[in-house]
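Under the numbering used here, read the sequence shown as residues 46 to 281, first letter to last.
Glycine is no exception: its CB is placed at the ideal position from the N, C-alpha and C atoms.
This one's a predicted model, so the numbers in the text were calculated from it and none came from an experiment.
Here the structure is laid out as structure tokens; the discussion comes afterwards.
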Amino acid sequence: MTRLVAALAAVLMALAGCGGSSSDAGTPKKAATTIAPAVRTVAELEAALPRTNQVPGGDKKVFACPGEAFCRAHRNRVSVGVELEPSLTGEQVKKRYGAYVLPEDLQVTAEAWKDPSAAERAVAEGRAKEEPFVGNFATKGENTSETSYSFGSKGVGTIDDLTMGGWQGYVGRREEVLTNPQGHTDSGPVVRVAMHLWNGNTTLQVVASVLDAEERAGDAEALARKVTEEYIGRLG
């Protein structure tokens, strides 16, 4: 059984001026100008979303917003979820970890807010929700019906400030396994890295999860960073 875990920058100001030397004394100086915060449309944010073949190790797209019914509640938000090529088969995961699930995926979410202050607040609120996962943590899954349930998780995490060009925010890292409502391990171990940034009226969140194994050390963060940088580059 495959289940996608989707989970899932301060305003850039630049002053430009022109001064005069002794040889141009008396020449009027140009007034300093302020670069206005970037204002991006939902259409621009959607156009910059990565295609599956633009995601290193991308296997297949599992959802996209707009396009899904659950997207309708957030008209100014766009996102895409991509399942990654599996590190292990289901049988290998079962043999090594005692569970069939290995949630390896990537999610990119961007949103247009009414102004930069709202975008900044959204990232601050996202960080507040990530802080309970700093250090050792455990959350409990819940039964959603007689035959299904939502995952909990347990592991260890960190959070740090992150700046990328004119974008600012944080990066959260977790080494975790998913758990069932009884608290039992229900997946192979993954490293989950979430980068959440803002610039102008825009927020961007990129979440990558890959197998937590020595041979893949650093893969989740490298993937999240590459996808984040390329998305920002496409926005221009």
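The Cβ-Cβ distance between residue 82 and residue 214 does not fall below 7 Å. In the DSSP annotation of this structure, the continuous segment of the beta strand (DSSP E) that includes residue 106 starts and ends at 103-110. Rounded to whole angstroms, the gap between the alpha carbons of residue 207 and residue 254 is 19 Å.
Checking the DSSP bridge columns, you'll see residue 241 partnered with 215, 250. Relative to the Cα of residue 107, the nearest Cα in the group 142, 259, 128 belongs to 128.
A contact between stretches requires three or more CB pairs, one per stretch, nearer than 8 Å, and the segment 145-165 meets this requirement with the segment 227-236.
At a Cβ-Cβ threshold of 7 Å, residue 175 and residue 200 do not count as neighbours. For residue 92, there is no enclosing beta strand (DSSP E); the residue is found in the alpha helix (DSSP H) stretching over 87-92. Only residues of its own chain outside the window of five on either side were considered, and among them 186, 194, 231 have a CB closer than 7 Å to the CB of residue 225, listed in chain order. DSSP places residue 268 within a helical segment (H, G or I) once states are collapsed to three. The DSSP-derived three-state label of residue 165 is helix. For residue 136, the enclosing alpha helix (DSSP H) has its first and last residue at 135-142.
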